[in-house]
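Per our numbering, residue -4 is the first one in the sequence shown, and the count goes up by one each step.
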Amino acid sequence: FEGLTELGADHSIVASSNGYSPGELASVQIDADGTMFGLISNGLQIPLARIMIATFRNPDGLISVGNNYYKTSLASGDPEFGGALSGDRGAVRAGQLENSNVDLALEFTRLIIAQKGFSANARTITVTDAVLEELTNIIR
């Protein structure tokens, strides 16, 4: 965070000035190329960092460790880091939700199959209960 100054007191004496009044970090903005800017309350916009994107020679070789996290393997190769919008890397889209990688048709099919199985089991229990009740009545 080069270019930012933290003042530990309510009042401070500064020997040099850039023409701007003191300000606080009001918000952070991320551009499509991954540059993160700090928007200061006095109107300044300061570049803070750049988000790097990793690509792999064989993305299918990555090992899933759950919760949409992956780790490298011999099959995936080492990560190659670079900035967004460079090479075959895409843009950074801040504030966007990731599209789900779930196949809705498949999941609904599985849900219907599970529901049908549950209904069949419930019906089996009902029939078994009726048979046991009839047996009890016959014995009496």
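No residue lacks a Cβ here, since even glycine has one placed at the ideal position from N, Cα and C.
A quick note: this is a predicted structure, and the numbers were derived from the prediction, not measured.
Proximal residues to residue i (C-beta, below 6 Å), its chain only, five neighbours per side dropped
i	result
SER22	LEU34
SER71	PHE51, ASN53, GLY56 and LEU57
GLN40	PHE32 and LEU34
SER36	GLY18, GLU19 and ALA21
Cβ neighbours of residue i in the same chain (closer than 8 Å, five flanking residues each side left out)
i	result
LEU69	GLY56
LEU74	Here the sequence assigns Pro to residue 74, which means Leu is not the residue at that position. Result list for PRO74: ALA49, THR50, PHE51 and THR67, in chain order.
VAL87	ILE25, ASP26, ALA27, ASP28, GLY29, ILE46, ILE48 and ALA79
ILE134	none
Rounded separation between residue i and residue j - CA only
i	j	result
VAL97	LEU80	27 Å
PRO17	ASP83	41 Å
ASN132	THR121	17 Å
LEU137	ALA44	For residue 137 there is no data in the structure shown, the boundaries of the chain being -4 and 135.
ASN116	SER59	35 Å
PRO42	LEU92	24 Å
VAL126	ILE107	28 Å
TYR65	GLY85	19 Å
PHE76	GLY90	22 Å
Exposed unless 16 or more other CB atoms sit within 10 angstroms - verdict on residue i
i	result
GLY29	buried
Close beta carbons around residue i, own chain, < 7 Å, minus the five adjacent residues each side
i	result
PHE109	Here the sequence assigns Ala to residue 109, which means Phe is not the residue at that position. If we look at ALA109 and ignore the five residues flanking it on each side, it has no Cβ neighbours.
Closer than 7 Å: residue i CB and nearest the ligand ATP heavy atom
i	result
ARG88	Of ligands this structure carries none, so the ligand ATP is not represented either.
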